[in-house]
Each structure stands twice: as C-alpha cells, then as structure tokens.
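Chemist: Structure in structure tokens, see below.
Residue numbers (my numbering), protein chains in the order written: chain P, 6 to 326; chain G, 378 to 495.
Here it is, written out as structure tokens:
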C-alpha cells in the first residue's frame, strides 16, 4: 500500500537516512559498526577482485605465486579468522550495553507489540505498572531508558532508527532494548518484522522531553481522564456503542483491555498507530470505518452511528488531553 | 428583447459550471492542508494515494458536482463556509468543524475545484 506521507511515518525517510543519523549514545555505536563493516567488506572485496585479475591476466611467475598452498593458509584461513574474530569482538564491545538487563533505578518502559499497534506501560521504581498508554513512547532526553519488549500474538520488531538497534518482540520472552535521545524531539519508529496484513501501518512516535518537563508529563498521563460536562453526549455514545468493552478510559466506566487505552487519546500526536493525524475529523473517520484505512485491523467499522453521534463521540475523545 | 433574453440563456447554458474560481487561493497549498488535516480518512481525494476512507463521499469530480453534501449549492463562498464549519449548515452531518482559517479553507476549496469529471 503506497504511503502518502502520514505524519509520524518519517522513521525511514529523509537524508541522511535516519538509520545513519544517530541521535543518541546507543545508536551511535551501531552507526560506527555499520560504516566499519562496510569499509572492511569493501577492502576484502577489493583484495579478492585484484587477486582474481592477477590470476587471469598476470605474468606466469605471479600466477604461480597465487597458486601456492602457503597463500591458501594465510589469505584463506589465517586472515579471515583474525579479521572476523576482531570484528566480532569489536561489535560485541560496541553493542553489549544495548540489551543488558535493566540496572537498579533505571527508567523502565514495557512495550508490547500487538496486531497492529503498540501497548506501552510505564513502570514505577518497584517495577510495577504505573499506567498504560499506546502508540507513543515518552522518554526524558539525556537519560538511558530500558524498553522491555514483549508480544502476545506474533513476532514484531521495534525499530527506532535514530535512537537504537532493531530488536524482535517475541511471544513468551522479554527482550531489553536500551535507547537514549541526546536532544528533546520526536523520533519515528516502525514495526520491522512482518506481522500480518497492515504491518506496514504499524508505526510509533518516540517523544523525548526536556528532563524538567518529563515528570510533569508523567503526572498528567498517570492521572485519570476528566471528561468535561459539555462532552456528556459523546461520552454517552461511547458507552452506548460498547466502546468500553475494548478500550479503557481511566476515571470512567470504560475499562476494556483489548485495545489501546484512550485515557488521554486527544493528546497523542497520531492516530491508528503512528499513521494518521489526530484530530476530531480523523477520529470520526477512524471510528466510522477504520477498515477502509487500515484493512484487517481489529476494530470493526461502526456504520450504525448517526452523523451527530459520530461527531459527538469524536469530540469527546479529542477532548481527552 | 426576446433575442437578448435568449442570448443570456444561451450564455448560461454554455457556462455549465458557475464561477468556481477562488482569487488568490493556492490549490497546491490546499492539497498539503488536505494531507495534514487527514481529509482522506473519510473521503477519497484524487491526488491522495492513502488514506482513502469510506465514511464521506468521494471527491473524485467535485468541481462538476452541483451540490455540496446534497444540500447546498456548490459555490465558492458556500464551500468555504462548509469546510470551516459543516455542522453549522447541516446539524446532522458527521463532518466536524475543521478549525481551518478562512485563507486555509479557500486553499482547500481551490484544490477541490481542480477536480474535474474528466
């Protein structure tokens, strides 16, 4: 499906390519490793091509040298063993910190891949779930964060090219991906393992806050929703249509766990897992017929709502900042 | 006198589409706004490969359409008002007020008026 520049879907676009444009200390070593491996393989390729050219076109004396057993021992066995071992040691040195278990006191966020969105749970100091959010990961800039990657259905893979490596989310396992952003900003991310139908439309935004703002953001997000009385009609539609069977809005009777938590859905940058702008109109369109936009996603279309109801419920959701 | 009236009628008939030009508006800017607002979530909009929603009508040949949402004449001033605040004109529409400024709505309208039947 061709993507026409959805808002947050910039994780793979731009120049330099985000994967070669590290924005944090856990992405930088991967960049070094990429260029190092590229240089190394280019050098080996050059040596092989030169040797091939010599074997084909050089004078007889040169060709005899190339045919000796000694060369096979040196260039065929000793050289690759030394070079590949050195590369392996270098690579492991550069990357071992990326997936180490969380250290005491380190910020931990649990990210679960679901078909085809991201469940994001913020853990407190004791490792308990403090609150849930979806399709956005908020981190403080300048501080390492351990992302605990899980999956409940199929294998997904979280890739935030500018902040860190690409790591699979495997059912029954908990993999650690450490990320850190040097500067506040927004960083695109994408599911990098084909996980069925709308896999290409499973994106995510990482928001790095200035450290001083981060705790305020967390406090706001942990608080329950406070629906305004002016949105009572929309809240009633939400209840009547049964939305609360799949979605939770903390502070209201909606407590479903199957779909994304909507307590502060109006504050999100995107809709539909990182692929659409988030406003009243797109909320209404998503509720009315998300299947036309992201075919196969687990939310059914709601052609039973009237125009007025669709407007009311989308205004209600948009107000949940 | 009759001849004059006839000429006027002919002139009207030849001009199948009334004035659908918006002075100073930029269709290209309009398309950018359409993408940023996410109009495609509900409407099929030529020039937009994705999303192509099924909630609202297709805008395929909007410029040759006589009515807006089947209820108001398709004139620039009406369209601009509709794009900014549809519920004010049709209380039971699903299309919410957009938050577009007058100038932005004029750009979007200018783009919609480039969408011909052929």
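Ideal Cβ positions, reconstructed from N, Cα and C, are used throughout, including at glycine.
1. Nearest-angstrom Cα distance between residue 90 of chain P and residue 110 of chain P?
2. Note down the Cα distance separating residue 68 of chain P from residue 56 of chain P, rounded to an integer number of angstroms.
3. Excluding the five sequence neighbours on either side, which residues of its own chain have a C-beta within less than 6 Å of the C-beta of residue 398 of chain G, listed in chain order?
4. Over what stretch of residues does the beta strand (DSSP E) that includes residue 118 of chain P continue unbroken?
5. Let's test the definition: count the other Cβ atoms within 10 Å of the Cβ of residue 290 of chain P and tell me whether it reaches 16, buried, or not, exposed.
6. Give me the subset of the region 467 to 481 of chain G whose CB atoms are less than 9 Å from a CB atom of chain P, sorted by chain position.
7. Using 8 Å for Cβ pairs, my map puts residue 163 of chain P next to residue 29 of chain P. What's the rounded Cβ distance?
8. Between the region 403 to 415 of chain G and chain P, which residues of the former have CB atoms less than 9 Å from a CB of the latter, in chain order?
9. What do you reckon, are the CB atoms on residue 38 of chain P and residue 99 of chain P nearer than 7 Å?
10. Please name the residue, chosen from P:180, P:280, P:315 and P:187, that lies closest to residue 294 of chain P on a Cα-to-Cα basis.
11. Looking at the unbroken alpha helix (DSSP H) that takes in residue 183 of chain P, where does it start and where does it end?
12. Name, in chain order, the residues that DSSP records as bridge partners for residue 138 of chain P.
13. Could you name the residues of the same chain whose beta carbon sits closer than 8 Å to that of residue 310 of chain P, not counting the 5 residues immediately before and after it, in chain order?
14. At 9 Å on the CB atoms, spell out the chain P contacts of residue 464 of chain G, in chain order.
15. Would you mind working out which of P:183, P:256, P:261 and P:126 sits nearest residue 250 of chain P, comparing C-alpha positions?
16. Is there contact between the region 211 to 220 of chain P and the region 299 to 310 of chain P, where contact requires at least three CB pairs shorter than 8 Å?
17. With distance defined between alpha-carbon atoms, name the residue in G:432, G:413 and G:414 nearest to residue 421 of chain G.
18. When DSSP labels each residue in this structure, what does residue 302 of chain P get in the three-state scheme?
19. For a quick check, are the C-beta atoms of residue 196 of chain P and residue 161 of chain P less than 7 Å apart?
20. Within the chosen definition, does the region 153 to 160 of chain P reach the region 72 to 82 of chain P through at least 3 CB pairs nearer than 8 Å?
21. Name the residues in the region 267 to 287 of chain P whose C-beta lies less than 9 Å from a C-beta of chain G; which are they?
22. What does residue 453 of chain G touch in chain P if you count any residue whose Cβ is under 7 Å from its own?
23. Counting only beta-carbon atoms, is residue 384 of chain G nearer than 7 Å to chain P?
24. Does residue 1 of chain P come out as helix, strand or coil in the three-state DSSP assignment?
25. Going by DSSP, what residues sit across from residue 172 of chain P in a beta bridge?
26. Taking Cβ-Cβ distances shorter than 7 Å, what residues in chain P pair up with residue 434 of chain G?
27. Determine whether the Cβ of residue 378 of chain G lies closer than 7 Å to any Cβ atom of chain P.
28. Quick check on DSSP: helix, strand or coil for residue 190 of chain P?
29. Return the CA-CA distance between residue 490 of chain G and residue 321 of chain P, expressed in angstroms with no decimal places.
30. Can you pull out the residues from the region 290 to 303 of chain P whose beta carbon lies closer than 7 Å to at least one beta carbon of chain G?
31. Do you know how far the Cα of residue 244 of chain P is from the Cα of residue 235 of chain P?
32. State buried or exposed for residue 443 of chain G, treating a residue as buried only when at least 16 other CB atoms are found within 10 Å of its CB.
33. Specify, as a first and last residue, the run of the alpha helix (DSSP H) that residue 319 of chain P falls within.
34. Is there a Cβ from chain P that is less than 7 Å from the Cβ of residue 428 of chain G?
35. Taking the alpha-carbon of residue 547 of chain G as reference, which of P:62, P:31, P:285 and P:189 has the nearest alpha-carbon?
Modeler: Taking the geometry as given:
1. Between residue 90 of chain P and residue 110 of chain P, the C-alpha separation is close to 35 Å.
2. Taking the CA atoms as reference points, residue 68 of chain P sits about 9 Å from residue 56 of chain P.
3. Annotation for residue 398 of chain G: no residue places its beta carbon closer than 6 Å to its own, counting only its chain and skipping 5 residues before and after.
4. Residue range 112 to 119 is occupied by the beta strand (DSSP E) that includes residue 118 of chain P.
5. Buried.
6. Cβ contacts with chain P: 467, 468, 469, 470, 471, 472, 473, 474, 475 and 476.
7. Actually they do not touch by this definition, with Cβ atoms about 15 Å apart.
8. Those would be 412, 413, 414 and 415, in chain order.
9. Going by C-beta atoms, residue 38 of chain P is nearer than 7 Å to residue 99 of chain P.
10. For residue 294 of chain P, the nearest C-alpha among the options comes from P:315.
11. No alpha helix (DSSP H) holds residue 183 of chain P; the beta strand (DSSP E) holding it covers 180 to 184.
12. Per DSSP, the beta-bridge partners of residue 138 of chain P are P:125.
13. So the list reads 242, 246, 292, 293 and 318, once near-sequence residues are dropped.
14. Per Cβ cutoff of 9 Å: 312, 313 and 316.
15. Considering only alpha carbons, the answer is P:261.
16. Contact between the region 211 to 220 of chain P and the region 299 to 310 of chain P is absent, because fewer than three Cβ pairs lie under 8 Å.
17. For the residues G:432, G:413 and G:414, the minimum Cα distance to residue 421 of chain G belongs to G:432.
18. In the structure shown, residue 302 of chain P sits in coil (DSSP, three-state: anything other than H, G, I, E or B).
19. Contact flag set, yes.
20. Contact fails: fewer than three Cβ-Cβ distances are below 8 Å.
21. With the criterion set as a beta carbon lying under 9 Å from some beta carbon of chain G, the members of the region 267 to 287 of chain P are 276, 277, 280, 281, 282, 283, 284, 285, 286 and 287, in sequence order.
22. Near residue 453 of chain G there are no residues of chain P at all, since even the closest Cβ is about 21 Å away, more than 7 Å.
23. Caution is warranted here: a pLDDT of 46 is assigned to residue 384 of chain G, below 50, making its placement in the model unreliable, and no coordinate value can be reported.
24. With chain P running from 6 to 326 in the structure shown, residue 1 of chain P is simply not present.
25. For residue 172 of chain P, which the question treats as bridged, DSSP gives the partners P:163.
26. Those within 7 Å of residue 434 of chain G in chain P number zero; the least Cβ separation is about 12 Å.
27. Note on residue 378 of chain G: pLDDT 44, under 50, position unreliable in the model; the coordinate value appears next. No, because no Cβ of chain P sits closer than 7 Å to the Cβ of residue 378 of chain G.
28. In this structure, residue 190 of chain P counts as strand in the three-state DSSP scheme.
29. Residue 490 of chain G and residue 321 of chain P have their alpha carbons spaced roughly 33 Å apart.
30. So the list reads 290, 291, 293, 294, 297 and 298, given in the order they occur along the chain.
31. Spanning the two alpha carbons is a distance of roughly 16 Å.
32. The residue is exposed, with fewer than 16 neighbouring Cβ atoms inside 10 Å.
33. Counting along the chain, the alpha helix (DSSP H) containing residue 319 of chain P begins and ends at 312 to 324.
34. For residue 428 of chain G, the closest Cβ of chain P is nearer than 7 Å.
35. No answer is possible for residue 547 of chain G: it lies beyond the span of chain G, which begins at 378 and ends at 495.
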